[in-house]
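**Student:** Quick note on my numbering: the sequence shown kicks off at 2 and runs consecutively.
Ideal Cβ positions, reconstructed from N, Cα and C, are used throughout, including at glycine.
Given the structure is predicted, the values throughout are model-derived calculations rather than measurements.
Take a look at this one; I'll ask things after.
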Amino acid sequence: MEVLLWLLAQTIEDYQKQLEQINYLISENQKKLDELQNQEKNLLLEISIINTKIQLYEEKLDILDEQIHKLNQEIQLLNKRKQLLGQEIDEIKRKLNKTARLLYKIPKRNIWELILGTGSFYESYRIQVSLMSILRYYKLTADNLKEKEKNLEYVKLKIDKNLKLLEKSREEQRMALSELNNLKIKKQNYLNKIRLNKSEKIAYLNELQKSKQRLEKLINELSKKRTEKKSNAISLIIPVNGKIVNDFGYVYDNVYGTRIKNNGIDIKAPKNSPVRASESGEVVYVGFIEGYGNIIIIEHAGFWTIYSQIIGINVKKGDKVIKGQQIAKVGDELFHFELRLGKEAVDPKPYFTSQF
Numbered sequence: 002m003e004v005l006l007w008l009l010a011q012t013i014e015d016y017q018k019q020l021e022q023i024n025y026l027i028s029e030n031q032k033k034l035d036e037l038q039n040q041e042k043n044l045l046l047e048i049s050i051i052n053t054k055i056q057l058y059e060e061k062l063d064i065l066d067e068q069i070h071k072l073n074q075e076i077q078l079l080n081k082r083k084q085l086l087g088q089e090i091d092e093i094k095r096k097l098n099k100t101a102r103l104l105y106k107i108p109k110r111n112i113w114e115l116i117l118g119t120g121s122f123y124e125s126y127r128i129q130v131s132l133m134s135i136l137r138y139y140k141l142t143a144d145n146l147k148e149k150e151k152n153l154e155y156v157k158l159k160i161d162k163n164l165k166l167l168e169k170s171r172e173e174q175r176m177a178l179s180e181l182n183n184l185k186i187k188k189q190n191y192l193n194k195i196r197l198n199k200s201e202k203i204a205y206l207n208e209l210q211k212s213k214q215r216l217e218k219l220i221n222e223l224s225k226k227r228t229e230k231k232s233n234a235i236s237l238i239i240p241v242n243g244k245i246v247n248d249f250g251y252v253y254d255n256v257y258g259t260r261i262k263n264n265g266i267d268i269k270a271p272k273n274s275p276v277r278a279s280e281s282g283e284v285v286y287v288g289f290i291e292g293y294g295n296i297i298i299i300e301h302a303g304f305w306t307i308y309s310q311i312i313g314i315n316v317k318k319g320d321k322v323i324k325g326q327q328i329a330k331v332g333d334e335l336f337h338f339e340l341r342l343g344k345e346a347v348d349p350k351p352y353f354t355s356q357f
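What follows is the structure in structure tokens.
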């Protein structure tokens, strides 16, 4: 983060300005967090509605599956009935043919047998009449069976038509259900993204609060050790050989769209350029602070210097350093340096007497 979230102000006024800046960042991030929480709430509601729709579609599909299953069972029964009817019709046809052959085999009698009234004639006549009656019965039975077969075929056609309609409806329901599931996945992925973003915002807010607490603690510790020293006795060397790109004082921050106070200077130099102690003293802090990155604070006789945005630190807390001693390297080509004199952050440039 390029904005200096912690600036070790020594006067109440300076510290209040820095506190206002931290509070501004906290407020802005809290607004974004509230917005994310509202989005999360709305997405949860949308997903709940989608789940309800999915449940309804699944219930409809279950009903359609049951109806289709029943129709298929009816079709199977109809096919069996048609098969049995076909067998009955074949059997009746066989009997018809057999009866017709028997009728054909009865010998024809002449007129004299009729006139004389012989017994054989009447016997043949009775047989013929009986066979004709049987033929009519078989014919009527066959016609009835064919009519039943025709009715069964009609019923089967209607069931087939209904079955196709149900299968079409089921396919439409499945497509709609698939679209809902895809939409649910998209919403869930977006929800996960929002929750991740929310977690990052919460973590960032916590880090701001921690930075604020660390600042207060560090200032209290350093204030106890400080003694006053006249400014005209300070003689510093420029800690990094480079170009000053940001001067001491208020500057406009493009990221947050507001004016912030630069309590030091920013020097542009090649990465890994040596960073040297501006004056002899004792290292009182080495660590990482949000916004500054890696940082070294050196206490001198009544004042202290701050070196940040650095890498390759080769000193630790408690080390004694001499003026010009290399203590680190430039990190990302922009080195930040501060001078604290008495209770104030001051412009270090007037106190530079030479380069290392």
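Taking three-plus beta-carbon pairs below 8 Å as touching, is the segment 319-328 in contact with the segment 270-282?
**Tutor:** Taking 8 Å as the limit for Cβ pairs, the verdict is that the segment 270-282 does touch the segment 319-328.
**Student:** Could you pull the DSSP bridge partners for Ile266 from this structure?
**Tutor:** DSSP lists Phe338 as partners of Ile266.
**Student:** At the level of alpha carbons, what is the spacing between Ile235 and Asp333?
**Tutor:** Going by the C-alpha atoms only, they are around 29 Å apart.
**Student:** Quick check: the segment 53-71 against the segment 169-181, are there 3 or more CB pairs under 8 Å?
**Tutor:** These segments touch.
**Student:** Closer than 7 Å by C-beta to Gly294: which residues in its own chain qualify, once you throw out the five before and the five after it? Chain order, please.
**Tutor:** So the qualifying residues of the chain are Ser309, Gln310, Gly332.
**Student:** Which same chain residues, not among the five before or five after Lys231, have their C-beta less than 6 Å away from its C-beta?
**Tutor:** Because the pLDDT at Lys231 is just 44, under 50, the model does not fix this residue reliably, and the value given afterwards should be weighed accordingly. Taken in chain order, the list of residues that qualify is empty.
**Student:** Buried or exposed: Ala346, going by 16 or more other Cβ atoms within 10 Å of its Cβ?
**Tutor:** That one is buried.
**Student:** Using the Cβ count rule (16 or more neighbours within 10 Å means buried), how would you classify Asn264?
**Tutor:** Answer is buried; the Cβ neighbour count reaches 16.
**Student:** May I ask which residues mark the beginning and end of the beta strand (DSSP E) holding Phe304?
**Tutor:** Residues 304-309.
**Student:** Can you list, in chain order, the residues of its chain whose CB lies under 6 Å from that of Ile112, leaving out five sequence neighbours each side?
**Tutor:** Because the pLDDT of Ile112 is 46, which lies under 50, any placement of that residue in the model is unreliable, and the number read from its coordinates should be weighed accordingly. So no residue of the chain qualifies.
**Student:** Considering only C-alpha positions, which residue in the set Lys187, Trp305, Gln77, Ser179 is nearest to Glu154?
**Tutor:** Looking at the Cα atoms, Gln77 is the closest of the given residues.
**Student:** Suppose you measure from the CA of Ile51 to the CA of Glu150; what does that come to, to the nearest Å?
**Tutor:** Answer to the nearest angstrom: the Cα atoms are 49 Å apart.
**Student:** Please say whether Asn242 and Ile266 have beta carbons closer to each other than 8 Å?
**Tutor:** The answer is no: Cβ separation not under 8 Å.
**Student:** Would the beta-carbon of Leu181 fall within 8 Å of that of Ile55?
**Tutor:** Against a cut-off of 8 Å, the Cβ pair of Ile55 and Leu181 comes out as a contact.
**Student:** When the Cα atoms are used, what is the spatial distance from Leu192 to Ile48?
**Tutor:** One C-alpha to the other measures close to 9 Å.
**Student:** How is Ala278 classed by DSSP in three states: helix, strand or coil?
**Tutor:** Looking at Ala278 - three-state DSSP - the assignment turns out to be coil, as it is neither helix nor strand.
**Student:** As a quick exercise: from Leu26, Glu29, Tyr25, Leu34, pick the residue whose alpha carbon is nearest that of Leu197.
**Tutor:** Comparing Cα-Cα distances from Leu197 to each of Leu26, Glu29, Tyr25, Leu34, the minimum goes to Leu34.
**Student:** Tyr286 bridges to which residues according to DSSP?
**Tutor:** In the DSSP output, where bridge partners are listed per residue, Tyr286 has Ile298.
**Student:** Which term fits Gln22, buried or exposed, when burial requires 16 or more other beta carbons within 10 angstroms of its beta carbon?
**Tutor:** Buried is the call here.
**Student:** Report the residue from Asn152, Arg175, Leu136 whose alpha carbon sits nearest the alpha carbon of Leu62.
**Tutor:** Closest by alpha carbon: Arg175.
**Student:** Quick one: is Thr354 buried, meaning 16 or more other Cβ sit within 10 Å of its Cβ, or exposed?
**Tutor:** Flag for Thr354 reads exposed.
**Student:** So, helix, strand or coil for Gln327, using DSSP?
**Tutor:** Three-state DSSP puts Gln327 in a strand.
**Student:** If I measure Cβ to Cβ from Asn273 and keep anything under 8 Å in the same chain, skipping five residues before and after, which residues do I get?
**Tutor:** Here the set comprises Ile312, Gly313, Lys330, Val331.
**Student:** Could you tell me the distance, in whole angstroms, from the CA atom of Asn43 to the CA atom of Asn163?
**Tutor:** Approximately 42 Å between the Cα atoms of the pair.
**Student:** Measuring straight from C-alpha to C-alpha, what distance separates Leu166 and Arg82?
**Tutor:** Whole-angstrom Cα-Cα distance: 24 Å.
**Student:** Give the single residue among Lys317, Arg127, Arg260 whose Cα lies nearest to the Cα of Leu26.
**Tutor:** The shortest Cα separation from Leu26 among Lys317, Arg127, Arg260 belongs to Arg260.
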